[in-house]
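J.: First residue of the sequence shown: 94, per the working numbering; consecutive thereafter.
No residue lacks a Cβ here, since even glycine has one placed at the ideal position from N, Cα and C.
On a predicted model such as this, the values are computed, not experimentally measured, just so you know.
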Amino acid sequence: MDPSRYADLFRTESREQLSALNRALLALEQGEPTREPVDAIFRGVHTIKGMSATMGYTAVAEFSHELESLLEKVRDGEQGISPELMDALFAAADALEDGIEQAREGGAMSEAMRRALERLHDVAGGRSTAEFRAVRMSGAMAVPVEARPEARPEARAEARAAAAEESLAGEGVLVEVTQEPAAPLPGVRAFMAVQRLRELGVIRACVPPVEALQAATTPQRFRVLLDTSAGAAEIERAVRSAGDVASVRVERRDVAPPPTRDAPPRDRRITDQLGLDELGRPIDRAPAARARHVRIELSRLDSLLNLIGELVIVRGRLQALTRPVPDPALQETMEAATRLIADLQSEIMTSRLVPVGQVFDRFPRLVRDVARQLGKDVLFTIEGKEIELDRSVLDEIGEPVVHLLRNAVDHGLELPAVREAAGKARAGRLTLAAQRDRSSVVIVVRDDGRGIDRARVLARAIALGLVEAGTVRLDDDTLLRCIAHPGFSTAEKVTDVSGRGVGIDAVQARTRALGGALEIETAAGLGTTVTIRLPVTLAIVRALLARVGTERYALPMTHVRETMERAPAVIRRMQGREMLLLRDEVLPVLRLREVVQLPWDRAVGTEEIVVIERGDRRAGLVVDELTGQEDIVVKSFDGVRAGSSLFSGATILADGAPALIVDVGSLL
Numbered sequence: 094m095d096p097s098r099y100a101d102l103f104r105t106e107s108r109e110q111l112s113a114l115n116r117a118l119l120a121l122e123q124g125e126p127t128r129e130p131v132d133a134i135f136r137g138v139h140t141i142k143g144m145s146a147t148m149g150y151t152a153v154a155e156f157s158h159e160l161e162s163l164l165e166k167v168r169d170g171e172q173g174i175s176p177e178l179m180d181a182l183f184a185a186a187d188a189l190e191d192g193i194e195q196a197r198e199g200g201a202m203s204e205a206m207r208r209a210l211e212r213l214h215d216v217a218g219g220r221s222t223a224e225f226r227a228v229r230m231s232g233a234m235a236v237p238v239e240a241r242p243e244a245r246p247e248a249r250a251e252a253r254a255a256a257a258e259e260s261l262a263g264e265g266v267l268v269e270v271t272q273e274p275a276a277p278l279p280g281v282r283a284f285m286a287v288q289r290l291r292e293l294g295v296i297r298a299c300v301p302p303v304e305a306l307q308a309a310t311t312p313q314r315f316r317v318l319l320d321t322s323a324g325a326a327e328i329e330r331a332v333r334s335a336g337d338v339a340s341v342r343v344e345r346r347d348v349a350p351p352p353t354r355d356a357p358p359r360d361r362r363i364t365d366q367l368g369l370d371e372l373g374r375p376i377d378r379a380p381a382a383r384a385r386h387v388r389i390e391l392s393r394l395d396s397l398l399n400l401i402g403e404l405v406i407v408r409g410r411l412q413a414l415t416r417p418v419p420d421p422a423l424q425e426t427m428e429a430a431t432r433l434i435a436d437l438q439s440e441i442m443t444s445r446l447v448p449v450g451q452v453f454d455r456f457p458r459l460v461r462d463v464a465r466q467l468g469k470d471v472l473f474t475i476e477g478k479e480i481e482l483d484r485s486v487l488d489e490i491g492e493p494v495v496h497l498l499r500n501a502v503d504h505g506l507e508l509p510a511v512r513e514a515a516g517k518a519r520a521g522r523l524t525l526a527a528q529r530d531r532s533s534v535v536i537v538v539r540d541d542g543r544g545i546d547r548a549r550v551l552a553r554a555i556a557l558g559l560v561e562a563g564t565v566r567l568d569d570d571t572l573l574r575c576i577a578h579p580g581f582s583t584a585e586k587v588t589d590v591s592g593r594g595v596g597i598d599a600v601q602a603r604t605r606a607l608g609g610a611l612e613i614e615t616a617a618g619l620g621t622t623v624t625i626r627l628p629v630t631l632a633i634v635r636a637l638l639a640r641v642g643t644e645r646y647a648l649p650m651t652h653v654r655e656t657m658e659r660a661p662a663v664i665r666r667m668q669g670r671e672m673l674l675l676r677d678e679v680l681p682v683l684r685l686r687e688v689v690q691l692p693w694d695r696a697v698g699t700e701e702i703v704v705i706e707r708g709d710r711r712a713g714l715v716v717d718e719l720t721g722q723e724d725i726v727v728k729s730f731d732g733v734r735a736g737s738s739l740f741s742g743a744t745i746l747a748d749g750a751p752a753l754i755v756d757v758g759s760l761l
């Protein structure tokens with residue numbers, strides 16, 4: 094079997110390990126107790142080493158092993174934590190990521206990886222251990238032959254062997270697995286079998302350890318102690334689903350044997366490093382959750398989404414055709430089909446939703462690097478990582494958030510000395526938050542820095558002709574329009590971080606392309622808050638259909654507050670403008686006919702009003718007629734050059750006619 098078939102899976106798994114590794118590095122740098130983040134870093138590097146060795150990516154495996162050797166010094170207390178060491182570890186993580194993306198079988202280390210190793214050796218002292226090449230096979234599992242006896246004391250190896258056997262003697266289900274003699278990629282198959290067992294319950298012990306199984310290059314025989322309620326047949330099916338399994342033996346143990354009180358106490362330091370208690374039993378620090386997941390290529394989800402979109406269009410067409418037919422059986426069947434299609438649509442849309450944390454998790458490292466580059470102290474927090482967005486939206490939102498975070502650190506937050514002089518804490522606070530607002534997702538970037546200098550922006554805007562010369566103050570809307578103008582910048586010089594005037598412009602362009610809206614609030618000396626409002630999904634949305642003349646337009650229901658018929662006393666003219674009197678509110682009036690530049694038609698009878706909103710802004714939109722609501726499939730819309738940005742897409746209605754989707758954000 095060709096290992097290259099698993100290259101994409103290797104990179105996906107490795108990226109997840111790198112993400113966890115970077116989080117642990119940040120926790121270590123921020124002063125959290127050394128033990129836990131170092132263990133997390135060590136596990137991540139060790140896992141990458143095992144996977145890369147299995148794939149034949151020797152450069153990544155050797156680099157990981159060198160990094161692992163240094164981390165072992167840190168874990169054993171032989172190497173102290175210092176800013177220089179942290180910088181070297183972050184550089185090593187970047188080099189490891191670069192090596193993984195460029196990995197190929199039998200390839201050599203990249204220049205970045207060599208420089209990172211040299212930096213690590215300079216900081217920690219010593220030279221390359223060359224231990225990775227001294228690996229041999231002993232029996233059924235890979236055993237590293239240590240080049241330096243002091244690297245792993247003999248007592249630790251003895252404690253591990255004894256504790257491993259003792260750990261299998263507890264209560265639970267003992268599963269013994271033997272792989273086929275000619276099993277290809279035995280390490281990968283063994284790891285998959287352990288993962289299948291993990292889905293059935295909590296793994297109490299595994300002999301040999303999972304890391305050794307994962308790095309194995311010959312068929313294995315391993316034993317797992319599992320805490321589960323699953324039956325023997327289900328357990329065997331789960332293990333065999335990993336493939337190339339010769340035999341599976343399942344033994345249920347209902348009562349745990351009493352501990353031997355006469356057993357000599359183990360070295361506390363050694364057993365703690367092995368994750369064992371005083372009796373050598375494994376410490377279950379983080380029991381695995383019962384979960385069942387399967388990886389699916391995004392292209393398949395996209396295909397499903399396109400198919401359900403076409404099915405929704407066909408459903409609307411069928412409803413229109415069958416509605417006038419007086420056949421109860423046909424109507425009942427149509428209603429059942431409608432419900433099933435709606436349920437299928439809901440399930441497919443839900444399957445595409447992923448937590449924003451998948452994108453947000455990479456930003457702490459970004460903020461840390463930019464802050465160090467600029468000499469600033471930043472306390473960065475993330476809120477609402479569990480909020481879910483459609484995968485297509487999430488993939489597009491990463492770049493705008495990067496621009497906002499870099500701008501906040503560079504332009505918003507002051508240097509520590511400046512903050513102290515102003516009576517603030519030395520470290521600036523930067524928050525990235527996600528929250529639900531009806532059927533939209535709101536992403537907020539907030540800092541407690543100096544705020545935007547309105548006077549400086551005003552002067553620059555007047556010089557560029559963006560506002561009239563007599564303007565004396567910019568409100569938030571005008572301020573956003575100015576700083577979002579292509580090429581607008583108040584920076585005195587261009588740096589590696591900013592100064593070219595593309596940040597907010599890029600954010601607004603991408604947000605508008607996603608059917609969202611951008612808002613900004615700022616106060617001098619208090620900070621700035623930038624808000625991005627996005628639809629949960631871009632594919633299928635509920636819309637209100639409005640007619641103007643012979644043309645029909647779709648208004649997303651997420652921006653519709655209410656509808657009403659126009660009455661003479663409802664709309665009045667105030668200071669030369671039409672205003673809508675709505676209970677205790679006075680709202681500006683927009684006429685869709687004028688917005689889309691259609692000629693006035695005297696034959697229009699009773700008009701209707703749609704109260705539209707975006708955030709805290711509202712307006713009354715006057716249309717000729719409201720024709721109903723539909724689930725519409727959003728299709729990309731390429732407007733003509735220099736055309737209006739009024740529309741965010743197009744759709745096909747139930748009767749087969751096309752309709753444009755109005756971008757409400759462009760009206761308010």
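(1) Could you check the C-alpha separation between Gln412 and Asp483 for me, to the nearest Å?
(2) Applying the criterion that 16 or more other CB atoms from any shown protein chain within 10 Å of the CB defines a buried residue, is Asn399 buried or exposed?
(3) Please check the pair Lys469 and Leu506, which I expect to be a contact at CB under 8 Å, by giving their CB distance rounded to whole angstroms.
(4) Could you give the distance in angstroms between the alpha-carbon of Ile597 and the alpha-carbon of Phe456?
(5) Mapping the DSSP letters down to three states, classify Leu372 as helix, strand or coil.
(6) Which of the three DSSP states, helix, strand or coil, is assigned to Ile480?
(7) Taking only the alpha-carbon atoms, compute the straight-line gap between Asp677 and Glu292 and give it to the nearest angstrom.
(8) Using the three-state DSSP reduction, which class does Gly294 fall into: helix, strand or coil?
(9) Are the C-beta atoms of Ala599 and some chain B residue less than 7 Å apart?
(10) I think Val641 touches Asp717, with their Cβ atoms under 8 Å apart; what is that distance to the nearest whole Å?
(11) So, helix, strand or coil for Ser157, using DSSP?
(12) Just to check my reading of the structure: Ala309 and Ala283 have Cβ atoms closer than 8 Å, yes? What is that Cβ distance to the nearest angstrom?
(13) Report yes or no: do the region 143–155 and the region 268–285 share at least 3 C-beta pairs separated by less than 8 Å?
(14) For the pair the region 463–480 and the region 510–526, tell me if three or more CB-CB distances fall below 8 Å.
(15) Could you tell me how far apart the beta carbons of Val338 and Ala298 are, in whole angstroms, since I believe they sit closer than 8 Å?
(16) Tell me Gln528's beta-bridge partners as DSSP assigns them.
(17) Report the rounded CA-to-CA distance for Glu671 versus Val495, giving the unit in angstroms.
(18) When we look at the beta-carbon of Thr643 and count the other beta-carbons within 10 Å, is it buried (16 or more) or exposed?
(19) Skipping 5 residues on each side, what residues in its chain have a beta carbon closer than 8 Å to that of Ala599?
(20) Tell whether a beta-carbon distance below 7 Å holds between Tyr646 and Val755.
(21) Among Gly409, Ala305, Ala262, which residue has its Cα nearest to the Cα of Ile141?
(22) To the nearest angstrom, how far is it from the Cα of Thr622 to the Cα of Ala117?
(23) Using a Cβ-Cβ cutoff of less than 7 Å, which residues in the same chain neighbour Ala185 once the five nearest sequence positions on both sides are dropped?
(24) Tell whether a beta-carbon distance below 7 Å holds between Glu336 and Asp320.
(25) Can you find the residues in the same chain that come closer than 6 Å, C-beta to C-beta, to Ala617, ignoring five residues on each side of it along the sequence?
(26) Might you give, ordered along the chain, the residues of its own chain that have their beta carbon closer than 6 Å to the beta carbon of Glu344, omitting 5 neighbours on each side?
(27) Considering just the uninterrupted stretch of the alpha helix (DSSP H) at Arg549, what are its terminal residues?
(28) I need the DSSP call for Lys728, collapsed to helix, strand or coil.
(29) Decide if Gly609 is buried, meaning its Cβ has at least 16 other Cβ atoms within 10 Å, or exposed.
(30) What is the DSSP secondary structure of Pro352, counted as helix, strand or coil?
(31) Provide the residue span of the alpha helix (DSSP H) that contains Asp709, from first to last.
(32) Counting only the same chain and skipping the five closest in sequence on each side, list residues whose C-beta sits under 7 Å from that of Ile441.
(33) Let's test the definition: count the other Cβ atoms within 10 Å of the Cβ of Thr105 and tell me whether it reaches 16, buried, or not, exposed.
(34) Quick check on the burial criterion: 16 or more other C-beta atoms within 10 angstroms. Buried or exposed for Val679?
(35) In angstroms, rounded to a whole number, what distance separates the CA positions of Leu619 and Lys517?
T.: Looking at the atomic coordinates:
(1) Roughly 28 Å between the two C-alpha positions.
(2) It counts as exposed.
(3) Indeed, because the Cβ distance is near 6 Å, the residues count as touching under 8 Å.
(4) Separation of Ile597 and Phe456 (C-alpha to C-alpha, rounded to the nearest whole angstrom) is 18 Å.
(5) No answer about Leu372 holds up, because its pLDDT of 43 lies below 50 and its placement is not dependable.
(6) Assigned with DSSP and collapsed to three states, Ile480 falls in coil, not helix or strand.
(7) Using only the alpha carbons, I get a separation of about 57 Å.
(8) Three-state DSSP puts Gly294 in coil, outside helix and strand.
(9) Any reference to chain B falls outside this structure, which holds one protein chain only.
(10) So it is a contact: roughly 5 Å between Cβ atoms.
(11) Residue state, collapsed to three classes: helix.
(12) At roughly 6 Å, the Cβ-Cβ gap stays under 8 Å, so Ala309 and Ala283 are in contact.
(13) Because the criterion of three Cβ pairs below 8 Å is met, the region 143–155 and the region 268–285 touch.
(14) Under the 8 Å Cβ criterion, the region 463–480 counts as touching the region 510–526, having at least three qualifying pairs.
(15) Taking 8 Å as the upper bound for CB-CB distance, Val338 and Ala298 are not in contact here, some 20 Å apart.
(16) As DSSP reads the structure, Gln528 sits in a beta bridge with Val535.
(17) Their backbone Cα atoms lie some 41 Å apart in a straight line.
(18) Result: exposed.
(19) Beyond the five residues adjoining it in sequence on each side, Ala599 comes within less than 8 Å, by CB distance, of Glu492, Pro493, His496 in the same chain, given in chain order.
(20) Yes, they are a contact pair.
(21) With respect to the C-alpha of Ile141, the residue from Gly409, Ala305, Ala262 having the closest C-alpha is Ala305.
(22) So the alpha carbons of these two residues sit roughly 28 Å apart.
(23) Answer for Ala185: Leu160, Ala209, Leu213, listed in chain order.
(24) Checking the displayed sequence, the identity of residue 336 turns out to be Gly instead of Glu. Result no, Cβ atoms of Gly336 and Asp320 do not sit closer than 7 Å.
(25) Gly544, listed in sequence order.
(26) Here the set comprises Leu267.
(27) Secondary structure note for Arg549: its alpha helix (DSSP H) is the uninterrupted segment 547–557.
(28) Three-state DSSP puts Lys728 in a strand.
(29) Under this definition Gly609 is a buried residue.
(30) At Pro352, the pLDDT of 45 sits below 50, so the modelled position is not reliable; the number obtained from the coordinates is stated separately. Pro352: coil per DSSP, three-state reduction.
(31) Looking at the DSSP string, Asp709 is not in any alpha helix (DSSP H), and its letter there is neither H nor E.
(32) Result list for Ile441: Leu397, Leu398, Ile401, in chain order.
(33) So Thr105 counts as exposed.
(34) Flag for Val679 reads exposed.
(35) Roughly 10 Å separates the two Cα atoms.
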